[in-house]
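Engineer: Here's a structure for you.
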Amino acid sequence: KKKEFPSYTDVFSEKICELAGKNKRIVALTAAMPDGTGLTKFAKEFPKRFFDVGIAEAHEVTSAAGMAAAGLKPVVAVYSSFLQRGYDQILHDVCIQKLPVFFCIDRSGLVGADGETHQGIFDISYLSHIPNMVLMAPKNGREMPGMMKFALEYNGPIAMKYPRGSVYEGLSEYNAPVELGKSEVIHEGQDVVILSVGSIMEECEKAVQHLKEKGYNPGLVNVRFIRPMDEDLLRELAAKYPLIVNVEENELIGGYGQMVSAFLHKKKDHNDLLSLGISDYFVRHATVAQQREQAGIDADSIVKSIIDRMN
Numbered sequence: 004k005k006k007e008f009p010s011y012t013d014v015f016s017e018k019i020c021e022l023a024g025k026n027k028r029i030v031a032l033t034a035a036m037p038d039g040t041g042l043t044k045f046a047k048e049f050p051k052r053f054f055d056v057g058i059a060e061a062h063e064v065t066s067a068a069g070m071a072a073a074g075l076k077p078v079v080a081v082y083s084s085f086l087q088r089g090y091d092q093i094l095h096d097v098c099i100q101k102l103p104v105f106f107c108i109d110r111s112g113l114v115g116a117d118g119e120t121h122q123g124i125f126d127i128s129y130l131s132h133i134p135n136m137v138l139m140a141p142k143n144g145r146e147m148p149g150m151m152k153f154a155l156e157y158n159g160p161i162a163m164k165y166p167r168g169s170v171y172e173g174l175s176e177y178n179a180p181v182e183l184g185k186s187e188v189i190h191e192g193q194d195v196v197i198l199s200v201g202s203i204m205e206e207c208e209k210a211v212q213h214l215k216e217k218g219y220n221p222g223l224v225n226v227r228f229i230r231p232m233d234e235d236l237l238r239e240l241a242a243k244y245p246l247i248v249n250v251e252e253n254e255l256i257g258g259y260g261q262m263v264s265a266f267l268h269k270k271k272d273h274n275d276l277l278s279l280g281i282s283d284y285f286v287r288h289a290t291v292a293q294q295r296e297q298a299g300i301d302a303d304s305i306v307k308s309i310i311d312r313m314n
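Per my numbering, residue 4 is the first one in the sequence shown, and the count goes up by one each step.
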């Protein structure tokens, strides 16, 4: 029998209750989605610190800002596609005032059969340009609790994006401490390095193994912090690897790949850059595997794109 792994939502649910048990200032908010966002357990354990604002994400974000201004540590648990409704409030009510609101962005990336409206493929684009915002993405279920602890100790706006479905259990032995704006190098290589954003690591790690079988020697980096970028590491990678490949489950427009490209261009680095992600379309109803294949970010497509570019 295949081992059942918990979902990212389950990991969030367990850890937020554990952290709230140690810190009375932690409160949690949902917009009519306590089950979907994993806050049902929190609501039972801490009923006076749980707020369901109804289907009103803009109100959820502003309420969290008010609570943060009053000295609490609010956790906004919300689906990526629903947080779009609170964009103005994130910018005006949270980020301008540098308030310590922690956004836990569930269903980020491709969500499979949740339909066109629920794909979480825009959050890097709509969060990464807001001043004062910190944006993280864990590579697997093991990394998530450390990021949550880090976020609740951080004194400013901070967000963590994670996908629908079971956690990726690979690379659990790589567990560098979470430091602001620092990426994690998984494999050193030469000629090409893959920058993996969040849970697409599952495909990137497979792609690395396939490339090795074909005689290549790829490097692999777990981006961790989309914002602030790990500029020191990017400079090192630019000096070492002629080809830098970025893979993300986000629209390419406004995505992490464009941020990397702009940074290297500004520094006058002349590396070849390949950005893989969702290229300007609304993602149709399908399985996540089919959606990744369509976008060209499954392991086989990543390998093919890299070999084509290197030749």
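Just so you know, even glycine gets a beta-carbon here, dropped at the ideal spot from N, CA and C.
The structure displayed is predicted, hence computed values, not measured ones.
Considering only C-alpha positions, which residue in the set Leu32, Glu48, Glu7 and Met36 is nearest to Glu17?
Structural biologist: Taking the first residue of the sequence shown as position 1, residue 17 is located at position 14. With distances taken between Cα atoms, Glu17 lies closest to Glu48.
Engineer: Is the separation between the beta-carbon of Gln193 and that of Asn158 shorter than 8 Å?
Structural biologist: Locating residue 193 in the sequence shown gives position 190, counting from the first residue. Locating residue 158 in the sequence shown gives position 155, counting from the first residue. Going by C-beta atoms, Gln193 is not nearer than 8 Å to Asn158.
Engineer: Is it the case that the Cβ atoms of Tyr82 and Asp109 are separated by a distance below 8 Å?
Structural biologist: Your numbering for residue 82 matches position 79 in the sequence shown. Your numbering for residue 109 matches position 106 in the sequence shown. Result yes, Cβ atoms of Tyr82 and Asp109 sit closer than 8 Å.
Engineer: If we ignore side chains and look at the alpha-carbon of each, how far apart do Gln87 and Gly57 end up?
Structural biologist: Working through the sequence shown from its first residue, we reach residue 87 at position 84. Working through the sequence shown from its first residue, we reach residue 57 at position 54. Using only the alpha carbons, I get a separation of about 16 Å.
Engineer: What are the complete beta strand (DSSP E) segments, minimum 3 residues, inside the region 106-140?
Structural biologist: Runs of the beta strand (DSSP E) inside the region 106-140: 137-139.
Engineer: Using a Cβ distance threshold of 8 Å, determine whether the region 303-311 contacts the region 120-128, with at least three qualifying pairs required.
Structural biologist: No, because fewer than three Cβ pairs between the region 303-311 and the region 120-128 fall closer than 8 Å, the two stretches do not touch.
Engineer: Quick check: the Cα distance between Ile93 and Val64, rounded to an integer number of angstroms?
Structural biologist: One-based indexing of the sequence shown puts residue 93 at position 90. One-based indexing of the sequence shown puts residue 64 at position 61. C-alpha separation (whole angstroms): 7 Å.
Engineer: Quick check: what's the CA-CA separation for Arg167 versus His62?
Structural biologist: As a first step, residue 167 must be located in the sequence shown, where it is residue number 164. As a first step, residue 62 must be located in the sequence shown, where it is residue number 59. Cα to Cα, Arg167 sits roughly 24 Å from His62.
Engineer: For a test of the three-state rule: what should DSSP assign to His273, helix, strand or coil?
Structural biologist: Along the sequence shown, read from residue 1 onward, the residue named residue 273 stands at position 270. Of the three classes helix, strand and coil, the one that applies to His273 here is coil, per DSSP.
Engineer: Going by DSSP, what residue range makes up the beta strand (DSSP E) through Phe228?
Structural biologist: The count along the sequence shown starts at 1 and reaches residue 228 at position 225. Here the beta strand (DSSP E) through Phe228 covers Phe228 to Arg230.
Engineer: Roughly how many angstroms lie between the CA atoms of Ala154 and Ala23, to the nearest whole one?
Structural biologist: Here the question's residue 154 lines up with position 151 in the sequence shown. Here the question's residue 23 lines up with position 20 in the sequence shown. The alpha-carbon atoms of Ala154 and Ala23 are separated by roughly 13 Å.
Engineer: Exposed or buried, Asp233, counting other C-beta atoms within 10 Å across all chains shown (16 or more means buried)?
Structural biologist: On the sequence shown, residue 233 is found 230 positions in, with the first residue counted as 1. Classification for Asp233: buried.
Engineer: Suppose contacts are defined by Cβ-Cβ distances below 8 Å. Is Ala71 in contact with Pro37 by that definition?
Structural biologist: In the sequence shown, the residue the question calls residue 71 occupies position 68. In the sequence shown, the residue the question calls residue 37 occupies position 34. It is not a contact, given that the beta carbons lie outside the stated cut-off.
Engineer: Within this structure, are the beta carbons of Ser111 and Lys164 separated by less than 8 Å?
Structural biologist: Taking the sequence shown and counting its residues from 1, one reaches residue 111 at position 108. Taking the sequence shown and counting its residues from 1, one reaches residue 164 at position 161. Yes, the pair counts as a contact, with Cβ atoms nearer than the cut-off.
Engineer: At 3 residues or longer, what runs of the beta strand (DSSP E) sit wholly inside the region 191-243?
Structural biologist: You should have 195-199, 222-225 and 228-230.
Engineer: From Phe53 to Leu32, what distance separates their C-alpha atoms?
Structural biologist: The count along the sequence shown starts at 1 and reaches residue 53 at position 50. The count along the sequence shown starts at 1 and reaches residue 32 at position 29. Answer to the nearest angstrom: the Cα atoms are 6 Å apart.
Engineer: Got a sec? Which residues, its chain only, sit under 8 Å from Glu191 by beta carbon, not counting five neighbours each side?
Structural biologist: Along the sequence shown, read from residue 1 onward, the residue named residue 191 stands at position 188. Excluding residues within five positions, the ones whose Cβ falls inside 8 Å are Gly222.
Engineer: I need the straight-line Cα distance from Gly149 to Asp301, nearest angstrom please.
Structural biologist: Position 146 of the sequence shown, counted from the first residue, corresponds to residue 149. Position 298 of the sequence shown, counted from the first residue, corresponds to residue 301. Their backbone Cα atoms lie some 27 Å apart in a straight line.
Engineer: Quick test of your reading: Ser199 and Lys142, contact by CB under 8 Å. State the CB separation rounded to the nearest angstrom.
Structural biologist: To locate residue 199, count along the sequence shown from 1; it is residue 196. To locate residue 142, count along the sequence shown from 1; it is residue 139. Ser199 to Lys142, Cβ: 7 Å. Contact.
Engineer: Please report the residue range of the beta strand (DSSP E) in which Thr33 lies.
Structural biologist: The residue labelled residue 33 in the question sits at position 30 within the sequence shown. Note, Thr33: beta strand (DSSP E), Ile29 to Thr33.
Engineer: Determine the DSSP secondary structure at Val104, reduced to helix, strand or coil.
Structural biologist: What you label residue 104 is simply residue 101 of the sequence shown in a count that begins at 1. It is coil, neither helix nor strand.
Engineer: Helix, strand or coil for Asp55 per DSSP?
Structural biologist: Counting from one through the sequence shown, the residue named residue 55 turns up at place 52. In the structure shown, Asp55 sits in a strand (DSSP, three-state: E or B).
Engineer: So for Ala67, helix, strand or coil by DSSP?
Structural biologist: The sequence position of residue 67 within the sequence shown is 64, counting from 1. Looking at Ala67 - three-state DSSP - the assignment turns out to be helix.
Engineer: Can you give the Cα-Cα distance for Ser66 and Leu138, rounded to whole angstroms?
Structural biologist: Locating residue 66 in the sequence shown gives position 63, counting from the first residue. Locating residue 138 in the sequence shown gives position 135, counting from the first residue. Their backbone Cα atoms lie some 21 Å apart in a straight line.
Engineer: Helix, strand or coil: which one does DSSP assign to Ser264?
Structural biologist: Here residue 264 is taken as the residue at index 261 of the sequence shown, counted from 1. In the structure shown, Ser264 sits in a helix (DSSP, three-state: H, G or I).
Engineer: Within 10 angstroms of its Cβ, does Gln212 collect 16 or more other Cβ (buried), or is it exposed?
Structural biologist: Here the question's residue 212 lines up with position 209 in the sequence shown. It is exposed - the Cβ of Gln212 has fewer than 16 other Cβ atoms within 10 Å.
Engineer: Along the chain, where does the beta strand (DSSP E) containing Glu21 start, and where does it finish?
Structural biologist: Along the sequence shown, one-based indexing puts residue 21 at 18. That residue, Glu21, is in no beta strand (DSSP E); its alpha helix (DSSP H) goes Tyr11 to Lys25.
Engineer: Applying the criterion that 16 or more other CB atoms from any shown protein chain within 10 Å of the CB defines a buried residue, is Asn249 buried or exposed?
Structural biologist: Taking the sequence shown and counting its residues from 1, one reaches residue 249 at position 246. Asn249 should be labelled buried.
Engineer: Which of helix, strand or coil does DSSP assign to Ile93?
Structural biologist: The residue you call residue 93 lines up with position 90 of the sequence shown. Note: Ile93 maps to helix in three-state DSSP.
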